[in-house]
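Residue numbers (the UniProt record's numbering), protein chains in the order written: chain A, 1 to 61; chain B, 1 to 711.
The beta carbon of each residue, even a glycine, is placed where N, CA and C say it ideally should be.
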Amino acid sequence: MFKQLTNLNGDEMYLITSLWIFLVFFVLVACMLFWMKKDHIDYMKDIPFDDDEKQNDQQSE
Amino acid sequence: MQLEHFNYDNKIVRNFAVATIVWGLVGMSVGLLVAVQLIWPEMNFLTQYTTFGRVRPVHTNAVIFAFVGNGIFMGVYYSMQRVLKTRMFSDVLSKIHFWGWQLIIVAAATTLPLGLTTSHEYAEMEWPIDIAIAVIWVTFGINMFGTIIKRRERHMYVAVWFYIATFVTVAVLHIVNSIQLPVGLWKSIYVYAGVQDALVQWWYGHNAVAFFLTTPYLGMMYYFLPKMANRPVYSYKLSILHFWSLIFIYIWAGPHHLLYTSLPGWVQSLGVVFSIMLIAPSWGGMVNGLLTLRGAWDKVRTEPMLKFMVVALTAYGMATFEGPMLSLKQVNAIAHFTDWIVAHVHVGALGWNGFMTFAILYYLIPKIYKTPLYSKKLANTHFWIGTLGILFYAIPMYWAAVVQGLMWKEFTPEGVLKYPNFLATTLEILPMHMMRAIGGALYLAGVIMMTYNLIKTMKAGKLVADEPAEAPAMEVVVVKEPTHRRLERKPMLFMVLALIAILIGGIVEMIPTFTISSNIPKIASVKPYTALELQGRDLYIREGCVNCHTQTIRPFRSETARYGEYSKAGEFVYDHPFLWGSKRTGPDLHRIGGKYPNKWHFDHMLDPTITSPGSIMPAYPWLIDQQLDNSMLQAKMKGMRTVGVPYSQEEIDNALADADKQAATIAKDLKDNQVTIESDREIIALIAYLQRLGTDIKAEKKTEATPSGQE
Numbered sequence: 001m002f003k004q005l006t007n008l009n010g011d012e013m014y015l016i017t018s019l020w021i022f023l024v025f026f027v028l029v030a031c032m033l034f035w036m037k038k039d040h041i042d043y044m045k046d047i048p049f050d051d052d053e054k055q056n057d058q059q060s061e
Numbered sequence: 001m002q003l004e005h006f007n008y009d010n011k012i013v014r015n016f017a018v019a020t021i022v023w024g025l026v027g028m029s030v031g032l033l034v035a036v037q038l039i040w041p042e043m044n045f046l047t048q049y050t051t052f053g054r055v056r057p058v059h060t061n062a063v064i065f066a067f068v069g070n071g072i073f074m075g076v077y078y079s080m081q082r083v084l085k086t087r088m089f090s091d092v093l094s095k096i097h098f099w100g101w102q103l104i105i106v107a108a109a110t111t112l113p114l115g116l117t118t119s120h121e122y123a124e125m126e127w128p129i130d131i132a133i134a135v136i137w138v139t140f141g142i143n144m145f146g147t148i149i150k151r152r153e154r155h156m157y158v159a160v161w162f163y164i165a166t167f168v169t170v171a172v173l174h175i176v177n178s179i180q181l182p183v184g185l186w187k188s189i190y191v192y193a194g195v196q197d198a199l200v201q202w203w204y205g206h207n208a209v210a211f212f213l214t215t216p217y218l219g220m221m222y223y224f225l226p227k228m229a230n231r232p233v234y235s236y237k238l239s240i241l242h243f244w245s246l247i248f249i250y251i252w253a254g255p256h257h258l259l260y261t262s263l264p265g266w267v268q269s270l271g272v273v274f275s276i277m278l279i280a281p282s283w284g285g286m287v288n289g290l291l292t293l294r295g296a297w298d299k300v301r302t303e304p305m306l307k308f309m310v311v312a313l314t315a316y317g318m319a320t321f322e323g324p325m326l327s328l329k330q331v332n333a334i335a336h337f338t339d340w341i342v343a344h345v346h347v348g349a350l351g352w353n354g355f356m357t358f359a360i361l362y363y364l365i366p367k368i369y370k371t372p373l374y375s376k377k378l379a380n381t382h383f384w385i386g387t388l389g390i391l392f393y394a395i396p397m398y399w400a401a402v403v404q405g406l407m408w409k410e411f412t413p414e415g416v417l418k419y420p421n422f423l424a425t426t427l428e429i430l431p432m433h434m435m436r437a438i439g440g441a442l443y444l445a446g447v448i449m450m451t452y453n454l455i456k457t458m459k460a461g462k463l464v465a466d467e468p469a470e471a472p473a474m475e476v477v478v479v480k481e482p483t484h485r486r487l488e489r490k491p492m493l494f495m496v497l498a499l500i501a502i503l504i505g506g507i508v509e510m511i512p513t514f515t516i517s518s519n520i521p522k523i524a525s526v527k528p529y530t531a532l533e534l535q536g537r538d539l540y541i542r543e544g545c546v547n548c549h550t551q552t553i554r555p556f557r558s559e560t561a562r563y564g565e566y567s568k569a570g571e572f573v574y575d576h577p578f579l580w581g582s583k584r585t586g587p588d589l590h591r592i593g594g595k596y597p598n599k600w601h602f603d604h605m606l607d608p609t610i611t612s613p614g615s616i617m618p619a620y621p622w623l624i625d626q627q628l629d630n631s632m633l634q635a636k637m638k639g640m641r642t643v644g645v646p647y648s649q650e651e652i653d654n655a656l657a658d659a660d661k662q663a664a665t666i667a668k669d670l671k672d673n674q675v676t677i678e679s680d681r682e683i684i685a686l687i688a689y690l691q692r693l694g695t696d697i698k699a700e701k702k703t704e705a706t707p708s709g710q711e
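What follows is the structure, encoded as structure tokens:
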């Protein structure tokens, strides 16, 4: 199956560049996520909830 | 900080909710009709407007664009206002969007049974409707971005990222897949031909699944599931990672719909590789959804909407595992063109889209009507009957697929096909088709229950059309934030980056296929269709024959023994559009030309059981009664010439005379075989087309070389 990837009639550049873009992007996002601050994560996760909903939730816990 | 007071627009949410229910009932009822037609052909009612070929696109478009489409807008309009803490940008645009979309649906439901179709799967509507779709989609986009820009919440929640990606990608897909040359009010010619048209169509078709049936629903999951469970999303980090990976990878996977065809092998392989990679981001979304329910599983026992959500996510996980498995060439060789694909699609549509839509309806109708749900018991019954419906649908279809797929490939010890008559394999799976119809009926019964439950809920409460809300005004940001945090408050930049992510795959796969001539080797003996054959081809398209018959023979011994020489890319260079199809309810027709006499085709169209006893194909008696309409013939040939078909001016000028001459020959042959018919009837043109199919290279000497993967 993968033999066909070696016969691209000179278009390997498109494929390899794309995969590199994805890989580099993926690694950058992963690094960024690793160093992301917890308070921002908590803030983003709570966006769907109104303040009163959050209070109710905390009380119920 | 001073609080600002404003209202959420619930009326538009209610309107889309009602449209979702109404079109859901219509689309699923039509689905049940087509399921029954595949058991009892009498259910085609012997009229051209209700035959399977014309009605099946009504079902698919009604469910995808009417039911799911309205469901998306319902969920987006409800959730977006709340996560952005603002009313929709413009009530007028909301209304134009709502009514425009409903008009498009009505136009599609009217024109498709009339046979006005482009034949591109899931994009069958003709060019005036395509333009209307583009206008209304842009209206939706302006309203969405206007709302994002006037928001009170500084950062865009993950749901909104998915909505942005949906908007921009669907726009790109729709435009590229709809590039046609209009030659009449309801007739257009695709600019692409053959292999290239197939690549564009399945790049569109696969990504319509990705960006119409998946990304907006993931966005809605990220809002509604935490709200229903009263728990924040399990992992915000995972949502970032799976969002960007999903939109980048999904766009590449379209070629897995064309494995073993004459599409260049390297494009097929790219489709396979990226399809396998797709498991990771897809399951990232599913896992994030299911783990959001951690600590809230007790609620699943009591809340029917959470039950629906759990099955929706499970169905999503199943479908997104099954998709990559089906794209493995070894699996695809057996499963493709069988009912497996139908089952796969319906696990996604009934389970993922349907069940999440029901969950959201059960959640938001009581909210906007400020009243409890009329009956939880009825909702629970809906859940169980719907789940049973999915099982009754999917399991017999998998069974049918394995049975039929293996029957197609079975040889006797003497080395000949064990089931050379295709019909024998069709009749073998009819009991499974009956069970499938029962599954569909159960699912529809559940939706009828839900409709009753929601109507009673609406009657018990009163719509809060303008729901009061308050939030502090958004502050001007002066601090520099890290990358993704900054991106979360820059909607236009976000859209551009999403656009880049989705364009890469399409560009890499399409540009070489379109520009490097060695990808589509020309065959000298392949000539354009004659005027009459062209007319016959349009009848083939009008009647939706492509819904049941493929026109691409794969390089397997089982297929070449059954149908003849495998299909070559160069044979389709004048096919605007390509008609390879995606399902073999009936046999492949690419080499049907010259296989049977004209009289056989006449009898077969008059009543398929004359030539094939027990056939489930509908009869087409109107083709014998109706006169062929040649009024647009020359315009069509001119259009074909514009897109690259080498018709000479002489051929165009003499088109009518040439068509008459060829028709007279066929009519005479029929007369010699005891069939008296005028030469200007539609059946003559269709016979001319069918007799031409695949004959251009029949005279050619067989080449030594065979593509990889040949059996």
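When beta bridges are read from the DSSP output, Ala469/B appears opposite Phe6/B. One alpha carbon belongs to Thr609/B, the other to Val13/B, and they sit about 50 Å apart. Taking 8 Å as the cut-off, the Cβ atoms of Ile341/B and Ala349/B do not count as close. Contact residues of the stretch 14 to 35 of chain A toward chain B are Tyr14, Leu15, Thr17, Ser18, Ile21, Phe22, Phe25, Phe26, Leu28, Val29, Ala30, Met32, Leu33, Phe34, Trp35 (C-beta to C-beta distance below 9 Å). The stretch 465 to 545 of chain B contains, as complete alpha helix (DSSP H) runs of 4+ residues, the segments 483 to 487, 491 to 515, 531 to 542 (chain order). For Tyr647/B, there is no enclosing beta strand (DSSP E), as DSSP marks it with neither H nor E. Ile500/B is classed as exposed because its beta carbon has fewer than 16 other beta carbons within 10 Å across all chains shown.
In the three-state DSSP reduction, Ile47/A falls in the coil class, being neither helix nor strand. Ile164/B and Ser239/B have their C-alpha atoms roughly 15 Å apart.
Neighbours of Thr483/B in chain A, taken as residues at a C-beta separation under 7 Å, are given in chain order as Met32.
About 7 Å separates the CB atoms of Leu454/B and Ile21/B; that is less than 8 Å, so the two are in contact. Taking 8 Å as the cut-off, the beta carbon of Trp23/B is found no closer than this to the beta carbon of Ile131/B. Our two residues, Thr585/B and Asn7/B, have alpha carbons roughly 53 Å apart in a direct line. In the same chain as Pro618/B, and ignoring 5 residues on each side of it, the C-beta atoms closer than 7 Å to its own belong to Pro41, Asn44, Thr51, Phe52, in chain order. In the structure shown, Leu417/B adopts extended strand secondary structure according to DSSP, grouped into three states. Interface criterion met: the Cβ of Ile240/B is under 8 Å from a Cβ in chain A. If one requires a minimum length of 4 residues, the alpha helix (DSSP H) runs lying completely within the stretch 619 to 702 of chain B are 622 to 625, 633 to 642, 649 to 653, 655 to 672, 682 to 692, in chain order. Residues of chain A with a Cβ closer than 7 Å to the Cβ of Phe248/B are, in chain order, Phe22. Distance from the CA atom of Ile624/B to the CA atom of Lys568/B, rounded to whole angstroms, is 33 Å.
Sequence-ordered contacts of the stretch 75 to 86 of chain B with chain A read Ser79, Arg82, Val83 [C-beta pairs closer than 8 Å].
For Lys456/B, no beta strand (DSSP E) run applies; the uninterrupted alpha helix (DSSP H) run containing it begins and ends at 430 to 460, by DSSP. Close to Ser245/B, with beta-carbon spacing below 7 Å, are these residues of chain A in chain order: Phe26. For Lys187/B, the uninterrupted beta strand (DSSP E) segment begins and ends at 187 to 190.
In the displayed model, Lys568/B falls within coil according to three-state DSSP, outside both helix and strand. In its chain, beyond the 5 residues on either side, Ile39 have a beta carbon closer than 7 Å to the beta carbon of Met434/B. Excluding residues up to 5 positions away in sequence, Ala619, Pro621, Ile624 lie with their Cβ nearer than 7 Å to the Cβ of Leu606/B in the same chain. Out of Ile507/B, Leu185/B, Asp603/B, Phe572/B, the CA that lies nearest to the CA of Trp252/B is found in Ile507/B. Interface residue (Cβ-Cβ distance to chain A less than 8 Å): Val233/B is classified as such. The Cβ-Cβ distance between Gly115/B and Arg542/B falls below 8 Å. In the structure shown, Pro232/B falls within a coil segment according to DSSP collapsed to helix, strand and coil.
For Gly184/B, DSSP records a beta bridge to Lys187/B.
For the stretch 38 to 50 of chain A, residues whose beta-carbon sits nearer than 9 Å to a beta-carbon of chain B comprise His40, Ile41, Asp42, Tyr43, Met44, Lys45, Asp46, Ile47, Pro48, Phe49, Asp50. The C-beta of Gln2/B has fewer than 16 other C-beta atoms within 10 Å across all chains shown, which makes the residue exposed.
Here the alpha carbons of Glu414/B and Ile133/B stand approximately 56 Å from one another. In this structure Ile189/B touches Leu181/B by the C-beta definition: roughly 5 Å separates them, less than 8 Å.
Contact of Tyr236/B with chain A is assigned, a C-beta pair being separated by under 8 Å.
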